[in-house]
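Undergrad:
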Amino acid sequence: MFNRLSLKIGVLFFGFILLIGGILYYILYIHLANGRIEEVIHNLLARGNTHSDVLEDNFTDTTMEHVGLMESESDFVVIITDADGDVLVRSDPLQPEMTEIINQTNYDAIPSDGIVVEDKWQEKRYLATDSPISIQGEHRGHVFMFAPTEQIRSILDQLSEQFKLIGVIAVAVTIITILILSRFITVPLMKMKQATEQLSEGNNDVELSVERRDELGELSKSIQSLADDLDRLKNERKEFLASISHELRTPLTYIKGYADIIHRQPLPEEELKTYIGIIREEADELSDLIKNLFELAKMDRHSFVVKKQAVHVYELINSIVDLMQPTLQKNKLTVSIQCPKDRLVLVDPNRFQQVVLNILDNAVKHSPHHSSITIEVETYGDEVDIVIHDQGEGIPEKDLPFVFERLYRVEKSRSRKSGGSGLGLPIAKEIVESHGGTIKLNSRYGQGTSVFIRIPGRGTA
Ligand SMILES: Nc1ncnc2c1ncn2[C@@H]1O[C@H](COP(=O)(O)OP(=O)(O)OP(=O)(O)O)[C@@H](O)[C@H]1O
Ligand SMILES: [Mg+2]
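Residue numbers for the sequence shown follow the UniProt record's numbering, so the first one is 1 and each next one is one higher.
(1) Quick one: what does DSSP say LYS330 is sitting in, helix, strand or coil?
(2) Whole-angstrom Cβ separation of ILE388 and LEU357, contact assumed at under 8 angstroms?
(3) Just to check my reading of the structure: ASN204 and LYS234 have Cβ atoms closer than 8 angstroms, yes? What is that Cβ distance to the nearest angstrom?
(4) Below 8 angstroms on the Cβ atoms is my guess for ILE41 versus LEU127; work out the distance and round it to an integer in Å.
(5) What residue from GLN391, TYR408, ILE279 and ARG212 has the CA that sits closest to PHE240's CA?
(6) When every heavy atom of ligand 2 is checked, does at least one fall within less than 8 angstroms of the C-beta of ASN331?
(7) Got a sec: is the Cβ-Cβ distance from LEU296 to anything in chain C below 9 angstroms?
(8) May I have the straight-line CA-CA distance separating ALA428 from ILE359, to the nearest angstrom?
(9) I'd like to check one pair, LEU230 with LEU199: are the Cβ atoms closer than 9 angstroms?
(10) Using CA coordinates, which residue listed in PHE146, GLU123, ARG343 and MET299 is at the minimum distance from TYR380?
(11) Is any heavy atom in ligand 1 found nearer than 8 angstroms to the beta carbon of TYR408?
(12) Keeping to the same chain, check which residues put their C-beta closer than 7 angstroms to that of residue 463; ignore five residues upstream and five downstream.
(13) Just the C-alpha distance for GLY424 and GLU383, rounded to the nearest angstrom, thanks.
(14) For the stretch 173 to 184 against the stretch 98 to 107, do three or more pairs of beta-carbon atoms, one drawn from each stretch, fall closer than 8 angstroms, so that the two count as touching?
(15) What residues match up with THR105 in a beta bridge as DSSP calls it?
(16) Ligand 2 and ASP284: does any heavy atom of the ligand fall closer than 8 angstroms to the residue's C-beta?
(17) Would you be able to state if there are at least three C-beta pairs under 8 angstroms between the stretch 389 to 398 and the stretch 444 to 456?
(18) Label LYS365 either buried or exposed according to how many other C-beta atoms from any shown protein chain fall within 10 Å of its C-beta, with 16 as the threshold for buried.
(19) Just tell me which of ILE439, ILE431 and LEU156 has its CA closest to the CA of PRO401.
(20) What are the boundary residues of the beta strand (DSSP E) that includes TYR445?
(21) According to DSSP, simplified to helix, strand and coil, what is GLU38?
(22) Going by the CB atoms, is the gap between ARG140 and SER134 shorter than 9 angstroms?
(23) Would DSSP call GLN391 helix, strand or coil?
(24) Between the stretch 71 to 91 and the stretch 144 to 151, can you find at least three pairs of beta-carbon atoms closer than 8 angstroms?
(25) For ILE27, count the other beta carbons within 10 Å of its own beta carbon; 16 or more makes it buried, fewer makes it exposed. Which is it?
(26) Based on DSSP bridge pairs, tell me the residues matched to VAL384.
(27) If you check the beta carbons only, do VAL311 and VAL335 fall under 9 angstroms apart?
(28) Let me check you understand the geometry: is the CB of ILE420 closer than 8 angstroms to at least one non-hydrogen atom of ligand 2?
(29) Indicate, with yes or no, if ligand 2 has a heavy atom lying under 8 angstroms from the CB of ASN358.
(30) For GLY48, which of helix, strand or coil comes out of DSSP?
(31) From the DSSP output, in three-state form, read off PHE144 for me.
(32) Can you name, in chain order, every residue of its own chain whose Cβ lies under 6 angstroms from the Cβ of MET299, other than the five neighbours on each side?
(33) Just curious, the alpha helix (DSSP H) that GLN95 is in, first and last residue?
In structure tokens:
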């Protein structure tokens, strides 16, 4: 509970409110208190001085009583003493604090424009001023003015109350903030955490809300797409395993079938040769399939080294075509190469040979006799483009997006003529991509196929 993000943010928020509130309170308190006190003291002194001025003009009992009467109606207290501090007139009953101040006063040291004799509003009950009465240079008496500090304290108490109220509001706002934050941050985070746990347990059936446009929305989108990818991969693996067992079973069925026939009865020499030939062919295919699968597995594990070197692209292609001459002649196909002779390309020659072989093998398998295959090489800046075009049967549009998938074949039944395993193009793709290149295939059913390979990084001559 105390480790929850919303609570941490909430407490931080609360701390900030409290800090700002505290600073504000302090500033206001000091400002208000000091301002108010100064004002009261200033008024008090001015009032005392006015009374002393009046009494200096008319130092009679009647005037003194008038002054006392006047102040008895106000919030202030006036005490008029003679030059020795004996009380002559007072507006309100005498309090011990007042007597104390009157007794402590040094009567000879009071300046003519009065003095503040008590300003400790926090400790004392009264603020006090003393205005002397001097008639023609003669010291005749004093006007003491007192203002109760209770009023100021009550103003400040009120302020404290208000700040306490603000504190309570801050706590309430914090609680609401924590609740809102937990609704908008913690809950989605918890859901995502649960989703990732679910994923790690192998359950990819994850549904997260992806409507938010903030960072949490982005995160939840990423997790959702991760889940979708995992799901897709799981299905692909399932399909792949199903196809692979099928691919392995078919040649094995042939091998076992013909072996059984040979085993069951003695056969004429001719027939025996044919059957053994089929068994050998199927066994070869099986071994090719396993070899190719092994290659792909190595590529997936990235335990596959690409040793790039600058090779003449023309020589490379020419040597591959030479290698294929017997097959080409058998199928009555011609190959034309259009390639600048001095172009260099940065590739692993052995691996790259495999790419071109796989593509040429497809072209041969799917081209009618007496048609031609063209290989064009062009360079764009540092990139080298190789296009292999045939005039064969082409690939139906619906199959085009899948031809680079493992074990995908257009012709689902393994015909003896074209019978590949659907690994040629995926292997070519892996190799080209491991060179940092791209491979694309364009085809129109009935009109031939073109394969485009783009390899970056041209070597220097
Ligand atoms: N030049 C082409 N003309 C017509 N169809 C093609 C061509 N190249 C590929 N295809 C189609 O794409 C499918 C996938 O090709 P890929 O090379 O991956 O497998 P394969 O040739 O069937 O088997 P493998 O290459 O493993 O022996 C092929 O089954 C074929 O139907
Ligand atoms: Mg092939």
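For glycine and all other residues, C-beta sits at the position ideal for the given N, C-alpha and C. These numbers were taken from a predicted model, which means no experiment stands behind them.
TA: Based on what the coordinates show:
(1) The residue you call residue 330 lines up with position 330 of the sequence shown. The answer is helix: DSSP assigns LYS330 an H, G or I state.
(2) Indexing the sequence shown from 1 puts residue 388 at position 388. Indexing the sequence shown from 1 puts residue 357 at position 357. Not confirmed; about 11 angstroms, so no contact.
(3) As a working note, residue 204 is residue 204 in the sequence shown. As a working note, residue 234 is residue 234 in the sequence shown. Their Cβ separation, rounded to whole angstroms, is 6 angstroms, which keeps ASN204 and LYS234 in contact under 8 angstroms.
(4) In the sequence shown, the residue the question calls residue 41 occupies position 41. In the sequence shown, the residue the question calls residue 127 occupies position 127. Between LEU127 and ILE41 the Cβ distance is about 6 angstroms, and since that is below 8 angstroms, they are a contact.
(5) Your numbering for residue 240 matches position 240 in the sequence shown. Of the candidates GLN391, TYR408, ILE279 and ARG212, the one whose C-alpha sits nearest the C-alpha of PHE240 is TYR408.
(6) Position 331 of the sequence shown, counted from the first residue, corresponds to residue 331. No, ligand 2 has no heavy atom inside 8 angstroms of this Cβ.
(7) Absent from the structure is chain C; it holds one protein chain and no more.
(8) Position 428 of the sequence shown, counted from the first residue, corresponds to residue 428. Position 359 of the sequence shown, counted from the first residue, corresponds to residue 359. C-alpha separation (whole angstroms): 8 angstroms.
(9) Counting from 1 along the sequence shown, the entry for residue 199 is found at position 199. Counting from 1 along the sequence shown, the entry for residue 230 is found at position 230. Yes. Within cutoff.
(10) Along the sequence shown, read from residue 1 onward, the residue named residue 380 stands at position 380. Closest option to TYR380, Cα to Cα, is ARG343.
(11) If you number the sequence shown from 1, residue 408 lands on position 408. TYR408: yes, Cβ under 8 angstroms from ligand 1.
(12) Given that the chain is displayed from residue 1 to residue 461, the structure contains no residue 463 and the question cannot be resolved.
(13) One-based indexing of the sequence shown puts residue 424 at position 424. One-based indexing of the sequence shown puts residue 383 at position 383. C-alpha separation (whole angstroms): 24 angstroms.
(14) no
(15) Within the sequence shown, numbered from 1, the residue matching residue 105 stands at position 105. Looking at the DSSP assignment, THR105 forms no beta bridge with any residue, so it has no partner.
(16) For the purposes of this step, residue 284 is taken as the residue at position 284 of the sequence shown. Flag unset: Cβ of ASP284 not near ligand 2.
(17) yes
(18) Reading the sequence shown from its first residue, position 365 is the one you call residue 365. Looking at its Cβ environment, which holds 16 or more other Cβ atoms inside 10 Å, LYS365 is buried.
(19) For this step, residue 401 is matched to residue 401 along the sequence shown. For the residues ILE439, ILE431 and LEU156, the minimum Cα distance to PRO401 belongs to ILE439.
(20) For this step, residue 445 is matched to residue 445 along the sequence shown. Unbroken run through TYR445: none, as it is neither H nor E.
(21) Locating residue 38 in the sequence shown gives position 38, where the first residue counts as 1. Of the three classes helix, strand and coil, the one that applies to GLU38 here is helix, per DSSP.
(22) Counting from one through the sequence shown, the residue named residue 134 turns up at place 134. Counting from one through the sequence shown, the residue named residue 140 turns up at place 140. Contact flag set, yes.
(23) Along the sequence shown, one-based indexing puts residue 391 at 391. Coil, per DSSP.
(24) yes
(25) The residue given as residue 27 occupies position 27 in the sequence shown. Answer is exposed; the Cβ neighbour count stays below 16.
(26) Numbered from 1 along the sequence shown, position 384 holds the residue referred to as residue 384. In the DSSP output, where bridge partners are listed per residue, VAL384 has THR379 and ILE455.
(27) Your numbering for residue 311 matches position 311 in the sequence shown. Your numbering for residue 335 matches position 335 in the sequence shown. No, the pair does not count as a contact, with Cβ atoms beyond the cut-off.
(28) Taking the sequence shown and counting its residues from 1, one reaches residue 420 at position 420. The amino acid occupying residue 420 in the given sequence is Gly; Ile does not appear at that position. Yes; taking the cut-off as 8 angstroms, the Cβ of GLY420 has a heavy atom of ligand 2 nearer than that.
(29) In the sequence shown, counting from the first residue as 1, residue 358 sits at position 358. Under cutoff, so the answer is yes.
(30) Along the sequence shown, read from residue 1 onward, the residue named residue 48 stands at position 48. GLY48 falls in the helix class under three-state DSSP.
(31) As a working note, residue 144 is residue 144 in the sequence shown. Three-state result, PHE144: strand.
(32) Here the question's residue 299 lines up with position 299 in the sequence shown. Excluding residues within five positions, the ones whose Cβ falls inside 6 angstroms are GLU430.
(33) The count along the sequence shown starts at 1 and reaches residue 95 at position 95. Taken as a continuous stretch (DSSP letters only), GLN95 belongs to no alpha helix (DSSP H), as it is neither H nor E.
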